[in-house]
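K.L.:
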Amino acid sequence: MIANFLFAIFFKTPDWILRMITLQKPKQYLGQRLDLKSQLLIGIIEKYLPDLDDYESFRKARNDTILNFSSDSTQSVDYEDKKIAVNQKNLEIRDYVPADIQTNKIMLYFHGGGYVIGSIDSHHGWVKYLSSALSMRIISLNYRLAPENPFPSALEDANDTFEWIKSKLNVPDSDIIVCGDSAGGHLAASLSTYRMINNLPMPEIQFLIYPMIDPECDSDSQKAFSDGLLLNSLDVSKFWSLFQNLPEDNQNPCFNLTLHTNKSPHPKTLLITAGFDPLTDEGEAYAKRLNKEGTKITQLHYPNLFHAFVNFTKIPACKLASDDLILEMKAFL
Numbered sequence: 000m001i002a003n004f005l006f007a008i009f010f011k012t013p014d015w016i017l018r019m020i021t022l023q024k025p026k027q028y029l030g031q032r033l034d035l036k037s038q039l040l041i042g043i044i045e046k047y048l049p050d051l052d053d054y055e056s057f058r059k060a061r062n063d064t065i066l067n068f069s070s071d072s073t074q075s076v077d078y079e080d081k082k083i084a085v086n087q088k089n090l091e092i093r094d095y096v097p098a099d100i101q102t103n104k105i106m107l108y109f110h111g112g113g114y115v116i117g118s119i120d121s122h123h124g125w126v127k128y129l130s131s132a133l134s135m136r137i138i139s140l141n142y143r144l145a146p147e148n149p150f151p152s153a154l155e156d157a158n159d160t161f162e163w164i165k166s167k168l169n170v171p172d173s174d175i176i177v178c179g180d181s182a183g184g185h186l187a188a189s190l191s192t193y194r195m196i197n198n199l200p201m202p203e204i205q206f207l208i209y210p211m212i213d214p215e216c217d218s219d220s221q222k223a224f225s226d227g228l229l230l231n232s233l234d235v236s237k238f239w240s241l242f243q244n245l246p247e248d249n250q251n252p253c254f255n256l257t258l259h260t261n262k263s264p265h266p267k268t269l270l271i272t273a274g275f276d277p278l279t280d281e282g283e284a285y286a287k288r289l290n291k292e293g294t295k296i297t298q299l300h301y302p303n304l305f306h307a308f309v310n311f312t313k314i315p316a317c318k319l320a321s322d323d324l325i326l327e328m329k330a331f332l
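Here numbering that gives the first Met the number 0 is used: the first residue of the sequence shown is 0, the next is one more, and so on.
1. With respect to 7 Å, is the separation between the Cβ of aspartate 53 and the closest non-hydrogen atom of the ligand COA below this value?
2. Could you check what DSSP says for valine 126 in three-state terms: helix, strand or coil?
3. Could you name the residues that DSSP lists as bridge partners for serine 139?
4. Give me the residue from Gly117, Asn198, Thr297, Asp71 with the minimum Cα distance to phenylalanine 238.
5. Whose C-alpha, out of Phe6, Ala2, Leu29, Ser191, is nearest the C-alpha of phenylalanine 224?
6. Name the residue from Asp213, Asp219, Cys178 whose alpha carbon lies nearest to the alpha carbon of aspartate 248.
7. Measure the Cβ-Cβ separation of glycine 183 and histidine 110 and say whether it is below 8 Å.
8. So, does the CB of aspartate 52 fall closer than 8 Å to a CB anywhere in chain E?
9. Along the chain, which unbroken stretches of the alpha helix (DSSP H) at least 4 residues long are found entirely within the region 273-305?
10. The beta strand (DSSP E) that contains cysteine 178, what's its start and end?
11. In three-state terms, what does DSSP make of lysine 262?
12. Which runs of the beta strand (DSSP E) fall wholly inside the region 8-90 and span at least 3 residues, in chain order?
13. Below 8 Å, how does it come out for the region 84-103 and the region 182-196: are there three or more Cβ pairs, yes or no?
14. Helix, strand or coil: which one does DSSP assign to leucine 269?
15. Hey, quick one: how far does the alpha helix (DSSP H) through leucine 233 stretch, first residue to last?
16. Ignore the nearest five residues each way along the sequence and tell me which others in leucine 233's own chain have a CB closer than 7 Å to its CB.
17. Among all the DSSP beta bridges, which residues are the ones paired with isoleucine 208?
18. If distances are taken between C-alpha atoms only, which option among Leu207, Gly112, Asp174, Met211 comes closest to proline 200?
19. Excluding the 5 residues flanking proline 315 on each side, which residues of the same chain have their C-beta closer than 8 Å to its C-beta?
20. Return the chain-ordered list of same chain residues with a C-beta closer than 7 Å to the C-beta of valine 126, the five sequence neighbours on each side being excluded.
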């Protein structure tokens with residue numbers, strides 16, 4: 000309670016006062032300046048997160064952190080945890096239904112976390128907020144995590160859930176939207192790629208929020224952000240290594256999204272990048288490639304923000320950007 004009270008004061012304090020109190024030197028990259036409140040909060044959180052090598056402790060710590068900094072939804076949203084039986088396994092989903100639902104379309108959401116951490120709980124605040132803002136039903140999937148379940152386990156779960164939505168909820172492919180952040184963005188794009196390769200109907204739209212794209216991890220932004228952020232290049236490399244099952248996965252276009260499939264276009268795409276994120280360059284390169292291949296794509300870049308900003312909407316700059324990208328989502332629908 001005391002911590003929540005202090006953070007509430009922190010979020011409302013003008014930046015000039017925080018700068019004067021903390022004497023914090025601005026973090027800059029390529030002419031971009033990280034939002035001050037984001038920079039200060041990241042510094043606090045980083046001190047308390049365990050090492051990623053202890054991924055079970057890291058899972059719990061990161062989940063708890065994200066839950067504490069998500070804004071409340073703007074309208075009432077009912078949600079229910081369900082188990083769905085698909086392909087001789089039970090998958091857990093969370094079904095969000097806003098009070099003022101305004102579309103027959105359904106979003107299938109994949110949480111982030113490098114395929115190693117994260118859950119429907121860690122992203123509950125953001126997905127509930129998104130469902131409310133879009134007035135749309137959202138199915139959030141608790142896909143299987145690595146290293147216990149490496150590639151392609153999550154992709155199988157995603158495709159099975161996509162088919163379940165079609166058959167059990169009687170929703171046509173054209174009314175299904177896939178969306179995810181970070182690893183979830185990779186999973187959304189991977190699902191579209193898988194269905195394209197196998198000549199299956201694809202989702203109408205994919206929303207990719209700062210997605211993982213390239214397992215090589217050798218871009219300029221990867222090199223620039225080796226430490227000091229909630230996600231750094233060492234984390235990304237670790238996530239890929241835990242997610243990978245076999246060396247030949249690197250030649251699979253559903254794993255390595257930089258590979259061409261000789262099939263195009265992809266679903267209509269909105270791709271989000273952030274200025275202080277090791278994944279920025281690969282996301283931008285992917286957007287350029289999809290555009291060149293004929294996919295209708297819009298890229299939004301938020302230069303003063305960091306990876307995972309949609310989960311920190313109690314920070315004013317993060318909420319402003321999240322509301323802005325939601326407006327762009329609405330324009331896509």
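For glycine and all other residues, C-beta sits at the position ideal for the given N, C-alpha and C.
P.N.:
Considering the structure as presented:
1. No copy of the ligand COA occurs in the structure displayed, which carries no ligand at all.
2. In the structure shown, valine 126 sits in a helix (DSSP, three-state: H, G or I).
3. DSSP links serine 139 through a beta bridge to Arg93, Tyr108.
4. Nearest of Gly117, Asn198, Thr297, Asp71 to phenylalanine 238, Cα basis: Gly117.
5. For the residues Phe6, Ala2, Leu29, Ser191, the minimum Cα distance to phenylalanine 224 belongs to Leu29.
6. When each option's Cα is compared against that of aspartate 248, the closest is Asp213.
7. Taking a C-beta distance under 8 Å as the contact criterion, glycine 183 and histidine 110 qualify as a contact pair.
8. Among the chains of the structure shown, chain E does not appear; only one protein chain is present.
9. Within the region 273-305, the complete alpha helix (DSSP H) runs of at least 4 residues are 279-291.
10. Taken as a continuous stretch (DSSP letters only), the beta strand (DSSP E) holding cysteine 178 covers 175-180.
11. Correct three-state label for lysine 262: coil.
12. DSSP assignment within the region 8-90 yields the following whole beta strand (DSSP E) runs of 3 residues or more, N-terminal first: 76-85.
13. They do not touch, by the three-pair rule.
14. Assigned with DSSP and collapsed to three states, leucine 269 falls in strand.
15. Residues 232-242.
16. Taken in chain order, the residues that qualify are Ser225.
17. BP columns for isoleucine 208 point to Asp180, Ile271.
18. Checked all of Leu207, Gly112, Asp174, Met211; the closest Cα to proline 200 is Asp174.
19. Cβ neighbours of proline 315 beyond the five flanking positions: Phe10, Lys36.
20. Tyr95, Tyr108, Ile137, Ser139, listed in sequence order.
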